[in-house]
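Numbering of the sequence shown is given in this note's numbering, commencing with residue 1 and proceeding in unit increments.
Data block below; observations after.
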Amino acid sequence: MGLIRQEIRDGIGTITFDHDAKRNALSSALIEEMIGAFDGFIKQHVRVAILRAHPGAKVWSAGHDVSELPRSGRDPLAYNDPLEQAIRAVREFPAPVIAMIEGGVWGGAVELALCCDIPIGAPSATFAITPARIGVPYNPAGILRIMNEIDLSVAKEMFFTARPLGAERAMQVGILNHLVEADEIEAFTFDMARTIAELSPLSIAVMKEQVRLLGNARPLSPETFERIQGLRRKVYDSHDYQEGIVAFMEKRKPKWLGK
Ligand code: YXS
Numbered sequence: 001m002g003l004i005r006q007e008i009r010d011g012i013g014t015i016t017f018d019h020d021a022k023r024n025a026l027s028s029a030l031i032e033e034m035i036g037a038f039d040g041f042i043k044q045h046v047r048v049a050i051l052r053a054h055p056g057a058k059v060w061s062a063g064h065d066v067s068e069l070p071r072s073g074r075d076p077l078a079y080n081d082p083l084e085q086a087i088r089a090v091r092e093f094p095a096p097v098i099a100m101i102e103g104g105v106w107g108g109a110v111e112l113a114l115c116c117d118i119p120i121g122a123p124s125a126t127f128a129i130t131p132a133r134i135g136v137p138y139n140p141a142g143i144l145r146i147m148n149e150i151d152l153s154v155a156k157e158m159f160f161t162a163r164p165l166g167a168e169r170a171m172q173v174g175i176l177n178h179l180v181e182a183d184e185i186e187a188f189t190f191d192m193a194r195t196i197a198e199l200s201p202l203s204i205a206v207m208k209e210q211v212r213l214l215g216n217a218r219p220l221s222p223e224t225f226e227r228i229q230g231l232r233r234k235v236y237d238s239h240d241y242q243e244g245i246v247a248f249m250e251k252r253k254p255k256w257l258g259k
């Protein structure tokens with residue numbers, strides 16, 4: 001069953017999340033289809049990609065598929081986790097990726113949206129970073145990427161409250177480049193895509209890769225790396241990590257013990 005729909009027209013590649021039954025949760029199957037679509041866009045020399053949900057969607061994506069979060073003892077957001085692979089696919093795609101956002105964006109899907117090059121939202125767009133809801137220790141690469149995209153104090157508020165941020169606030173804090181009425185967002189997005197598609201693809205591809213490489217340029221001593229890994233292991237070996245996932249699956253509030 002297709003979990004995404006994809007289309008190429010006039011050098012513009014569109015990927016539409018198509019798994020409303022699971023609120024477009026970023027399962028490994030959906031991510032595999034998404035990465036396959038990006039690979040196809042590269043072969044077809046697509047000039048710009050658009051990542052979206054259905055028109056009028058209540059949920060753009062519910063984030064990582066909680067049922068696929070590894071149980072105890074393993075890093076829940078390791079380098080080869082499907083969500084990390086999806087984020088790398090967007091960041092390394094050799095053309096701009098526009099996130100056209102209607103509806104709620106949850107958990108790791110916020111990072112996916114932020115890693116797109118040009119986020120455009122409708123008034124229905126909301127953004128909630130939710131590891132604290134699930135008991136997951138977000139990964140260092142993801143934290144750094146979010147720190148690079150929004151003010152540190154706003155990022156901390158989002159991590160520590162797990163509360164959704166509305167579209168207006170998302171505009172104020174730099175999560176969105178544009179806030180466009182729902183009945184205009186498609187025309188607005190495709191107009192921008194057409195503008196990009198008419199410009200030099202090589203120049204744009206190299207500028208995008210330079211921004212990615214320069215954005216990653218923060219030295220991390222082995223000691224700091226080991227300290228971070230130790231902190232993370234403490235969480236994903238904990239009771240609370242298990243409890244967060246089980247509570248979600250049982251549709252009840254988690255009982256956190258802080259250990
Ligand atoms: O009960 P059924 O089988 O119909 O399935 C339900 C939900 O279980 C399922 N679903 C998900 N399944 C796996 N992973 C998810 N993230 C997920 N979200 C939803 O979809 C079916 C319909 O869900 P339901 O009834 O709750 O829909 P709704 O319209 O009432 O509410 C939509 C949401 C998005 C507000 C609600 O589903 C929700 O709060 N979902 C969880 C959002 C979330 O906390 N995501 C973070 C996932 S963990 C993650 O991304 C990172 C690891 S981290 O946490 O570190 O950021």
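Built from N, CA and C at the ideal position, the CB exists for glycine as well.
- About 6 angstroms separates the CB atoms of Ala49 and Phe93; that is less than 8 angstroms, so the two are in contact.
- A heavy atom of the ligand YXS is found nearer than 7 angstroms to the CB of Leu77.
- The ligand YXS never approaches Pro70 closely enough for any of its heavy atoms to be under 7 angstroms from the residue's Cβ.
- For Ile8, the closest C-alpha among the options Ala29, Ser28, Leu30 and Gly40 is that of Gly40.
- Runs of the alpha helix (DSSP H) lying entirely within the segment 141-174 and spanning at least 4 residues, in chain order: 152-161 and 167-172.
- Annotation: Leu51 is outside any alpha helix (DSSP H); the continuous beta strand (DSSP E) that includes it extends over Val48 to Arg52.
- At the C-beta level, Ala128 and Val110 come within 8 angstroms of one another.
- By the Cβ neighbour-count rule, Glu168 is exposed, with fewer than 16 other Cβ atoms within 10 Å of its own.
- As the crow flies, the alpha-carbon of Gly63 is around 14 angstroms from that of Arg52.
- In the DSSP assignment, Ile87 falls outside any beta strand (DSSP E) and lies within the alpha helix (DSSP H) extending over Pro82 to Glu92.
- Counted as a single uninterrupted DSSP element, the beta strand (DSSP E) harbouring Ala99 occupies residues Val97 to Ile101.
- For Val105, the number of other beta carbons within 10 angstroms of its own is at least 16, and it is reported as buried.
- Secondary structure of Ser67 (DSSP, three-state): helix.
- Setting aside the 5 residues that flank it on each side, Thr189 is surrounded in the same chain by Ile50, Ile98, Met100 and Ile120, each with a C-beta closer than 7 angstroms to its C-beta; the list follows chain order.
- The Cβ atoms of Met192 and Ile134 lie no closer than 8 angstroms to each other.
- The closest heavy atom of the ligand YXS lies 7 angstroms or more from the beta carbon of Ile101.
- According to the DSSP secondary-structure assignment, Trp106 is paired through a beta bridge with Ala128.
- In chain order, Ile101 and Ala167 place their CB closer than 6 angstroms to the CB of Ala125, counting only its own chain and leaving out the 5 sequence neighbours on each side.
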